[in-house]
Amino acid sequence: MPGVFIFSGKSLSFHVIIKNMNKRIIKQIIIALITLGIFSLIGGGIYLVHRPEATCFDGVQNQGEEGID
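First residue of the sequence shown? That's 1168 in our numbering, and the numbers climb one at a time after it.
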């Protein structure tokens, strides 16, 4: 049995007990999360470097803006 779900009350919240999970599966999940984190940091860095610059810096209220830039 890979895990046990315990349902509590009307809130449908549950707690997963991991003590019965295979150590290999836990290791694979940890490696997957680390890999996802690394790719997220790389992707976020690429976005920050290549994002378009803001075009609203003329100091005038125009084109449906709610206020002065």
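Glycine included, every Cβ here is placed at the ideal spot set by N, Cα and C.
{"Check": "Coarse secondary structure for residue 1199, derived from DSSP in three states", "Outcome": "helix"}
{"Check": "8 Å contact criterion, which residue 1226 and residue 1235 should meet: CB distance rounded", "Outcome": "6 Å"}
{"Check": "Simplified DSSP state of residue 1218, which is helix, strand or coil", "Outcome": "coil"}
{"Check": "Coarse secondary structure for residue 1206, derived from DSSP in three states", "Outcome": "helix"}
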